[in-house]
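Notes for the one structure printed next.
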Amino acid sequence: MANNRLEHAQQILNKYQAIAHDPFRPAYHISPKFGLLNDPNGLIQFNGHYHIFYQWNPFACDHRQKFWGHYISADLINWQEVSPALAPDTEYDANGCYSGSAFVYHDELYLFYTGNLKYGADQQHRASSQCLAKSKNGIDFEKIGIVIDGQPAGYTSHFRDPKIWQEGALFFAVIGGQTDKLQGQVLLYRSENLTEWQFLGAIAGSGIAPFDDFGYMWECPDLFRLNQHWVMLASPQGLAPQGMKYQNIYQSGYLVGDLNLEDTHFSTQHFEELDRGFEFYAPQSFVDNQGRRIMLAWMGLPEENRQPTVESHWLHQMTLPRELTLHNNRLYQNPVPELKALRQSHITYQNTVFDGTRSFNGVAGDCYELRAEFINLTSDLSLKLRSNGKDQYTLLHIDPRQNIITLDRNHAGSGDGGIRQCQIASAQSLELVIYMDKSSLEIFINQGAEVFSARIFPAASSTGISFESNAPCHLMSLDYFGLQHCDVIQ
Ligand code: FRU
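Just add 3 to wherever you are in the sequence shown, counting from 1, and you've got the working numbering.
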């Protein structure tokens with residue numbers, strides 16, 4: 004017995020040491036201290052602090068239990084982990100406090116989330132209810148209970164992820180759903196008092212114009228005004244790959260349209276993916292006190308649990324906070340300017356023309372921001388990141404004739420390989436902003452018109468950055484910033 008307890012203590016110690024020494028731990032992204040992280044939840048600013056809650060299994064790198072973990076920050080850079088906000092400990096959420104949103108009402112912070120319950124032999128049945136919890140200090144939450152008890156008629160119990168907003172004295176919420184015919188849809192609800200909710204109808208998804216067959220489930224909807232329009236974010240499941248599009252197991256994208264709350268109608272033309280990379284899912288947004296619409300997403304995907312960090316007992320991370328703007332009905336995403344505070348060294352090169360392979364003194368690392376502007380690109384350009392100078396690198400390739408950008412991680416190290424691509428309006432002039440953080444990469448192209456997010460797992464010593472072109476290539480400016488570790492989770 005005594006020995007068993009000693010062994011157990013030793014196992015716990017080994018776990019923490021594995022996490023602490025893992026070279027893949029991010030330096031400035033939110034990740035779980037241990038266990039699995041998935042969706043960002045309840046994004047909000049409350050009493051001056053930013054709050055990011057997240058789907059968390061503290062016990063293992065799998066999806067069996069879901070708590071709401073909780074980080075707070077005064078500056079969107081340094082995050083302090085506080086007590087978990089919600090635990091799956093009641094009869095209505097025993098199998099998971101699933102995703103949801105936050106809002107402030109009468110000076111209290113409310114959480115609106117899905118209680119997930121499984122029952123029957125082998126737990127093959129599911130009950131989903133939408134539930135409330137609240138807090139005076141923004142840290143200690145008290146559960147209020149179920150306010151929407153089950154899905155509307157004609158829908159299955161895949162009914163989750165309420166995102167709430169207020170219009171005058173009324174509350175509205177969008178919730179992800181699935182019809183009995185297995186069509187994924189976004190459902191709109193209204194309430195006058197937060198406890199009684201009326202189902203108004205489905206406003207987007209499979210079977211709702213302009214979509215015919217467009218996924219069997221839509222998760223994590225979000226709906227907000229941006230400029231004169233309404234923007235919906237959603238994560239449909241079940242889209243077949245189509246050319247360069249929909250290459251990941253599940254997709255996340257946006258729809259720009261107009262919402263008519265009187266007749267429950269969201270008019271929109273089409274669905275566009277938010278991110279062209281490998282890991283990006285379940286984005287959620289909020290408005291801060293500067294009026295910015297800020298979005299974070301899970302830099303991971305459901306059913307993608309085989310990453311090398313599992314050996315060190317943690318899995319997945321968030322994207323950076325990205326500000327959303329709308330231009331000509333397209334969403335642009337840019338990392339929030341607060342991130343400049345992470346810069347601790349700067350190397351700059353201006354107006355350089357190179358032909359062949361070129362690297363730059365001091366421009367290398369595994370934790371940096373890299374900004375590059377090219378003009379008059381006429382032939383292929385390759386950037387090798389996290390390179391060992393030989394056979395290990397992550398490749399960003401630009402084809403300015405076909406205007407195709409490719410991210411290739413087939414030689415990136417351990418972890419999954421593959422390529423992802425997108426076509427942009429014009430690749431002759433190109434602005435790249437790249438955030439590298441140990442085992443993640445976010446590439447913002449042309450003022451955030453396109454973004455590639457990816458996890459990569461190279462050797463810690465693979466830090467090279469090189470540029471390759473077979474014709475003279477005009478690099479207008481190159482700015483390398485070494486980034487410091489912030490108080491995320493180290
Ligand atoms: C999206 C999702 C949500 C659900 C949560 C459970 O990744 O499946 O629909 O609420 O994760 O963790």
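Cβ coordinates follow ideal geometry from the N, Cα and C atoms, glycine included.
Model, not experiment: these values are computed from the prediction.
Three-way DSSP call (helix, strand, coil) for residue i in this model
{"i": "Gln493", "result": "Confidence is the limiting factor: at Gln493 the pLDDT is only 41, short of 50, which leaves the residue's position unreliable, though a coordinate-based value still follows. Of the three classes helix, strand and coil, the one that applies to Gln493 here is coil, per DSSP."}
{"i": "Ile437", "result": "strand"}
{"i": "Asn308", "result": "coil"}
{"i": "Asp225", "result": "strand"}
{"i": "Val189", "result": "strand"}
{"i": "Arg279", "result": "coil"}
{"i": "Glu445", "result": "strand"}
{"i": "Ser456", "result": "strand"}
{"i": "Arg2", "result": "The chain is shown only over 4 to 493; residue 2 falls outside these bounds and no answer can be derived."}
{"i": "Tyr101", "result": "strand"}
{"i": "Lys18", "result": "helix"}
{"i": "His11", "result": "helix"}
{"i": "Glu314", "result": "helix"}
{"i": "Asn6", "result": "helix"}
Spatial neighbours of residue i in its chain, beta-carbon cut-off 8 Å, leaving aside the 5 residues before and after
{"i": "Gly38", "result": "Trp59, Asn60, Pro61, Phe62, Ala63, Cys64, His316, Trp317, Leu318"}
{"i": "Tyr249", "result": "Leu242, Ala243, Glu276"}
{"i": "Ala136", "result": "Ala88, Leu89, Tyr113, Leu114, Tyr116, Phe144, Glu145, Lys146, Ile147"}
{"i": "Trp233", "result": "Leu226, Phe227, Val259, Gly260, Asp261, Leu262, Phe269"}
{"i": "Gln450", "result": "Tyr335, Asn337, Glu434"}
{"i": "Gln395", "result": "Arg389, His414, Ala415, Gly416, Pro461, Ala462, Ser465"}
{"i": "Gly246", "result": "none"}
{"i": "Ser34", "result": "Arg28, Leu40, Trp317, His319, Gln320, Met321, Val491, Ile492"}
{"i": "Val107", "result": "Ile47, Phe49, Tyr113"}
The ligand FRU heavy atom lying under 6 Å from the CB of residue i
{"i": "Gln310", "result": "no"}
{"i": "Glu326", "result": "no"}
{"i": "Ser102", "result": "yes"}
{"i": "Lys69", "result": "yes"}
{"i": "Arg458", "result": "no"}
{"i": "Glu222", "result": "yes"}
{"i": "Asn60", "result": "no"}
{"i": "Asp42", "result": "yes"}
{"i": "Ala285", "result": "yes"}
{"i": "Arg163", "result": "yes"}
{"i": "Thr305", "result": "Position check: residue 305 holds Pro in this sequence, whereas Thr was assumed. The answer is yes for Pro305."}
Close Cβ partners of residue i (< 6 Å) along its chain, the five nearest in sequence each way excluded
{"i": "Thr93", "result": "none"}
{"i": "Leu226", "result": "Val177, Met235"}
{"i": "Lys121", "result": "Asn98, Arg129"}
{"i": "Gln493", "result": "Here Gln493 scores only 41 on pLDDT, less than 50, and its place in the model should not be relied on; the value that follows carries that caveat. Cβ within range, chain order: n/a, list empty."}
{"i": "Asn230", "result": "Leu329"}
{"i": "Gly187", "result": "Gln181, Gly208, Ser209, Gly218, Tyr219, Met220, Trp221, Pro239"}
{"i": "Ile47", "result": "His54, Ala105, Phe289"}
{"i": "Asp216", "result": "Ser209"}
{"i": "Gly467", "result": "Ala367, Ser390, Gly392"}
{"i": "Ile446", "result": "Ile437, Phe455"}
{"i": "Met298", "result": "Pro286, Ser288, Arg325, Leu327"}
Beta bridge counterpart(s) of residue i as assigned by DSSP
{"i": "Phe70", "result": "Trp59"}
{"i": "Leu334", "result": "Leu329"}
{"i": "Asp261", "result": "Ser270"}
{"i": "Glu321", "result": "Rather than Glu, the amino acid found at residue 321 in this sequence is Met. DSSP, once it has assigned bridges, lists Trp301 as partnering Met321."}
{"i": "Thr182", "result": "Tyr158"}
{"i": "Ser238", "result": "Glu222"}
{"i": "His349", "result": "Phe484"}
Distance between beta carbons of residue j and residue i, contact taken as under 8 Å
{"i": "Thr182", "j": "Gly157", "result": "6 Å"}
{"i": "Gly45", "j": "Ser131", "result": "With 8 Å as the limit, Gly45 and Ser131 do not qualify as a contact, their Cβ atoms being about 18 Å apart."}
{"i": "Asp369", "j": "Met439", "result": "6 Å"}
{"i": "Met220", "j": "Gly179", "result": "7 Å"}
{"i": "Tyr352", "j": "Leu481", "result": "4 Å"}
{"i": "Phe214", "j": "Tyr192", "result": "Contact doesn't hold; Cβ gap of about 21 Å is too wide."}
Nonlocal neighbours in the same chain, by C-beta distance under 7 Å from residue i, ignoring five residues either side
{"i": "Gln487", "result": "Leu345, Gln347"}
{"i": "Val313", "result": "Cys64"}
{"i": "Ile427", "result": "Asn406, Ile408, Ile448, Asn449, Ala452, Glu453"}
{"i": "Leu323", "result": "His32, Pro338, Leu342, Tyr438, Glu445"}
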